[in-house]
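A.B. asks:
Numbering (this note's numbering), first residue to last: 181 to 703.
Listed below in structure tokens is the structure:
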């Protein structure tokens, strides 16, 4: 399929209504297409890489997201101020906000994403479930109550009909919020009450529904793409089962769980889901897959670009961001289904400022040094640089490390382990050592895992052990640092860094703090 020569909506300048690595990623594709870019930033992000990379930049408010990156009026004002004729929302923030897309359309600004009505349809989890069921997409057995069916007695009756365990979910939910697993009737009332409270606080909507909790579940999603001319394709699957707190930290493609026949059936179901809403742009249909009987069920559709889109880009050799822009201009998809092939194996890990020893509690602080692997086959998507601050206001992602190997999964896992070994990170507590340990685990290497992998194999993470070799490297390299008396670090800051290193389980910093009389980051 060839791209149409006719461009219905010429796009000359794109405002990226986001920050960090996804803003940088979008700008890279814009530059390749010869399109000017506009960054927006809060006062906390004034010196972040995405601001410096853009052709133009506009400050839109204080650090709090509600006053800046979620402030629709300020973003529209920035479009008018800079002459931006399109907005790319990235992921998170306003990316799935139908009101935002509608407001842009009313102002004559192109939203690089699906139509507002599609976002509204799929954003309501109960409505989406009903729509999928009506269109022959398999859904988990469950109960989606109407306004008149919300009594606790009704929930008890339906839970007994479905069969325990069940999962309580927020209709407007995402990111693991408003979700509760219930194993017996005595837990049901408390779980419903707490899920409603969390949903109300997170989304302003306490509507919930209930589904059968699938045993031995995997989280597998299908990337789909559509245009306004009725063309819809899939770009194969991503395995996203390695999660903590219901949030992904490792993704890969192909999935080690699927055979070709199951892959085809699941992909066809995803295309059917996209056709049900006349989907335009990049979207992801998420399924829960049972290792027990190989059944799968619709979970939700994300009407945006996913964090893990690089995995798909690498196995298909397609630029998904550039394709989003072409579709938003009114062009036909630049590829047909028969043009798409799944080649090699790709894996992505998310490097977070968080403490795996404290239930992955988010961490803050300055990135003193970040150096990623430069091996062939390694890609790094980052929105930080040395000196950047990880603040309390935003998602604590530091970078995404993605590898692609033309061979099999085992070769890709080995390449990722090498890439993580190469990575140097000095700064706040982070999950680098944890990721290394997950990649080294025999069950992960064998591809035998479910969404419970971390809870089962790392229930209480104690941190990586400091090896004698690393301790010796620290001793031999002591000439690179100064004696305490010559330090320019304030004593309190030094102690804080020591505590962070110890809290992170030692890792790369621990050998230095074990050497009395020396410290890092002295000039």
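Cβ atoms here follow ideal geometry from the backbone N, Cα and C, with glycine treated the same way.
Looking at the strands, I want to know which residues DSSP matches up with residue 256.
C.D. replies: As a working note, residue 256 is residue 76 in the chain shown. Partner(s): none; residue 256 has no beta bridge.
A.B. asks: Mind pulling the alpha helix (DSSP H) runs of 4 or more residues that sit fully within the region 336-390?
C.D. replies: Taking only runs of at least 4 residues, the alpha helix (DSSP H) segments lying wholly in the region 336-390 are 365-383.
A.B. asks: Evaluate residue 441 with the Cβ neighbour count: other Cβ atoms within 10 Å of its Cβ, from every protein chain shown; 16 or more gives buried, anything less gives exposed.
C.D. replies: The residue given as residue 441 occupies position 261 in the chain shown. Residue 441 should be labelled exposed.
A.B. asks: With 16 as the cutoff for other CB atoms within 10 Å, does residue 428 come out buried or exposed?
C.D. replies: Your numbering for residue 428 matches position 248 in the chain shown. So residue 428 counts as buried.
A.B. asks: Does DSSP put residue 264 in a helix, in a strand, or in coil?
C.D. replies: Along the chain shown, one-based indexing puts residue 264 at 84. The answer is coil: DSSP assigns residue 264 none of H, G, I, E or B.
A.B. asks: In chain order, what residues of the same chain lie with their CB nearer than 6 angstroms to the CB of residue 551, ignoring the 5 residues before and after it?
C.D. replies: Numbered from its first residue, the chain shown carries residue 551 at position 371. 604, listed in sequence order.
A.B. asks: 8 angstroms is my cut-off, CB to CB: does residue 247 come that close to chain B?
C.D. replies: Considering every chain present, this structure includes no chain B. It has just one protein chain.
A.B. asks: Between residue 608 and the rest of its own chain, which residues show a CB-CB distance below 7 angstroms, the 5 nearest in sequence each way excluded?
C.D. replies: In the chain shown, the residue the question calls residue 608 occupies position 428. If we look at residue 608 and ignore the five residues flanking it on each side, its Cβ neighbours are 533, 543, 544, 545, 570, 680.
A.B. asks: I need the straight-line Cα distance from residue 633 to residue 419, nearest angstrom please.
C.D. replies: To locate residue 633, count along the chain shown from 1; it is residue 453. To locate residue 419, count along the chain shown from 1; it is residue 239. Each residue's Cα considered, the two are about 13 angstroms apart.
A.B. asks: What distance in whole Å lies between the Cβ atoms of residue 487 and residue 526, which are believed to be in contact at a cut-off of 8 angstroms?
C.D. replies: Taking the first residue of the chain shown as position 1, residue 526 is located at position 346. Taking the first residue of the chain shown as position 1, residue 487 is located at position 307. That pair is no contact at about 14 angstroms.
A.B. asks: Is it right to say residue 177 is buried, meaning 16 or more other beta carbons lie within 10 angstroms of its own, or is it exposed?
C.D. replies: With the chain covering 181 to 703 only, the question about residue 177 has no answer from this structure.
A.B. asks: Can you tell me the Cα-Cα spacing of residue 350 and residue 629, whole angstroms?
C.D. replies: The residue given as residue 350 occupies position 170 in the chain shown. The residue given as residue 629 occupies position 449 in the chain shown. The straight-line gap from Cα to Cα measures roughly 26 angstroms.
A.B. asks: Taking the beta carbon of residue 622 as the centre, do at least 16 other beta carbons fall within 10 Å, making it buried, or is it exposed?
C.D. replies: The count along the chain shown starts at 1 and reaches residue 622 at position 442. Exposed, because fewer than 16 other Cβ atoms sit within 10 Å of the Cβ of residue 622.
A.B. asks: Going by DSSP, what residues sit across from residue 237 in a beta bridge?
C.D. replies: As a first step, residue 237 must be located in the chain shown, where it is residue number 57. DSSP output for residue 237 lists 219 as bridge partner(s).
A.B. asks: Looking only at its chain, what residues have a beta carbon closer than 6 angstroms to the beta carbon of residue 648, apart from the 5 residues adjacent to it on each side?
C.D. replies: Residue mapping note: residue 648 aligns to position 468 of the chain shown, counting from 1. In this prediction, residue 648 has a pLDDT of 43, which is less than 50 and means its spatial position is unreliable; nothing more can be read from the coordinates.
A.B. asks: Classify residue 187: buried if its beta carbon has 16 or more other beta carbons within 10 angstroms, exposed otherwise.
C.D. replies: Working through the chain shown from its first residue, we reach residue 187 at position 7. So residue 187 ends up on the exposed side.
A.B. asks: Rounded C-beta distance between residue 495 and residue 568? I'm assuming under 8 angstroms.
C.D. replies: Taking the chain shown and counting its residues from 1, one reaches residue 495 at position 315. Taking the chain shown and counting its residues from 1, one reaches residue 568 at position 388. Contact flag wrong, Cβ pair sits at about 30 angstroms.
A.B. asks: If I'm right that residue 513 touches residue 413 with Cβ under 8 angstroms, what's the distance once you round it to whole angstroms?
C.D. replies: Translated into the one-based positions of the chain shown, residue 513 becomes position 333. Translated into the one-based positions of the chain shown, residue 413 becomes position 233. Yes, residue 513 and residue 413 are in contact; Cβ-Cβ is about 6 angstroms, under 8 angstroms.
A.B. asks: Contact defined as beta carbons within less than 8 angstroms: I believe residue 268 pairs with residue 218. What is the distance between those atoms, to the nearest angstrom?
C.D. replies: Your numbering for residue 268 matches position 88 in the chain shown. Your numbering for residue 218 matches position 38 in the chain shown. Rounded, the Cβ-Cβ distance is 10 angstroms, inconsistent with contact.
A.B. asks: Take residue 595 and list the residues in its own chain whose beta-carbon comes closer than 6 angstroms to its own, dropping the five residues that flank it on each side.
C.D. replies: Here residue 595 refers to the residue found at position 415 of the chain shown. If we look at residue 595 and ignore the five residues flanking it on each side, its Cβ neighbours are 557, 583, 585.
A.B. asks: Quick one: residues in its chain with C-beta nearer than 6 angstroms to the C-beta of residue 300, no 5 flanking neighbours on either side, listed in chain order?
C.D. replies: The residue given as residue 300 occupies position 120 in the chain shown. Answer for residue 300: 278, listed in chain order.
A.B. asks: At which residues does the beta strand (DSSP E) containing residue 303 begin and terminate?
C.D. replies: Locating residue 303 in the chain shown gives position 123, counting from the first residue. Note, residue 303: premise wrong, no beta strand (DSSP E); alpha helix (DSSP H) at 296-303.
A.B. asks: Have a look at residue 234 and residue 209 and give me their C-alpha separation to the nearest angstrom.
C.D. replies: As a working mapping, residue 234 is identified with position 54 in the chain shown. As a working mapping, residue 209 is identified with position 29 in the chain shown. Rounded to whole angstroms, residue 234 to residue 209 spans 12 angstroms at the Cα level.
A.B. asks: For residue 618, report the span of its alpha helix (DSSP H) as first-last.
C.D. replies: For the purposes of this step, residue 618 is taken as residue 438 along the chain shown, with counting starting at 1. First-last of the alpha helix (DSSP H) with residue 618: 612-620.
A.B. asks: Within its chain, find whatever has a CB closer than 8 angstroms to the CB of residue 615; leave out the 5 residues flanking it on each side and keep chain order.
C.D. replies: Working through the chain shown from its first residue, we reach residue 615 at position 435. Hits under 8 angstroms: 429, 430, 529, 531, 600.
A.B. asks: Using C-beta distances below 7 angstroms, list every residue in its chain close to residue 192, excluding the 5 sequence neighbours before and after it, in chain order.
C.D. replies: As a first step, residue 192 is located in the chain shown; it is residue number 12 there, counting from the start. Cβ neighbours of residue 192 beyond the five flanking positions: 215, 216, 265.
A.B. asks: With distances taken from CA atoms, which of 290, 497, 361, 460 is nearest residue 519?
C.D. replies: If you number the chain shown from 1, residue 519 lands on position 339. Considering only alpha carbons, the answer is 497.
A.B. asks: If contact is defined by three or more beta carbon pairs under 8 angstroms, each pair taking one atom from either stretch, is the region 470-487 in contact with the region 387-399?
C.D. replies: The answer is yes - the region 470-487 touches the region 387-399, with three or more Cβ pairs under 8 angstroms.
A.B. asks: Rounded to a whole number of angstroms, what is the C-alpha to C-alpha distance between residue 373 and residue 288?
C.D. replies: For this step, residue 373 is matched to residue 193 along the chain shown. For this step, residue 288 is matched to residue 108 along the chain shown. When rounded, the distance between both Cα atoms is 43 angstroms.
A.B. asks: Count the other CB atoms within 10 Å of the CB of residue 241; is the residue buried (16 or more) or exposed (fewer)?
C.D. replies: Start at 1 with the first residue of the chain shown, and residue 241 comes out as number 61. By the 10 Å Cβ count, residue 241 comes out buried.
A.B. asks: Enumerate in chain order the residues of its own chain whose CB-to-CB distance from residue 213 is below 7 angstroms, with the five nearest sequence positions on each side excluded.
C.D. replies: Working through the chain shown from its first residue, we reach residue 213 at position 33. Excluding positions up to five away in sequence, the list reads 502, 505.
A.B. asks: Would you give the residue range spanned by the beta strand (DSSP E) that residue 481 belongs to?
C.D. replies: Mapped onto the chain shown, residue 481 falls at position 301. Run containing residue 481: 476-482, per the beta strand (DSSP E) assignment.
A.B. asks: Name the one or two DSSP bridge partners that residue 596 has.
C.D. replies: Here residue 596 corresponds to residue number 416 of the chain shown, with the count starting at 1. Partner(s): none; residue 596 has no beta bridge.
A.B. asks: Ends of the alpha helix (DSSP H) at residue 586?
C.D. replies: Within the chain shown, residue 586 is the residue found at index 406, counting from 1. Segment: none, residue 586 is in no alpha helix (DSSP H) and carries neither H nor E.
A.B. asks: Can you check which of these residues, 322, 639, 311, 404, is closest to residue 707 by C-alpha distance?
C.D. replies: Within the shown structure, residues of the chain are numbered from 181 to 703, placing residue 707 beyond reach of any answer.
A.B. asks: Put residue 208 into one of helix, strand or coil per three-state DSSP.
C.D. replies: Locating residue 208 in the chain shown gives position 28, where the first residue counts as 1. It is helical.
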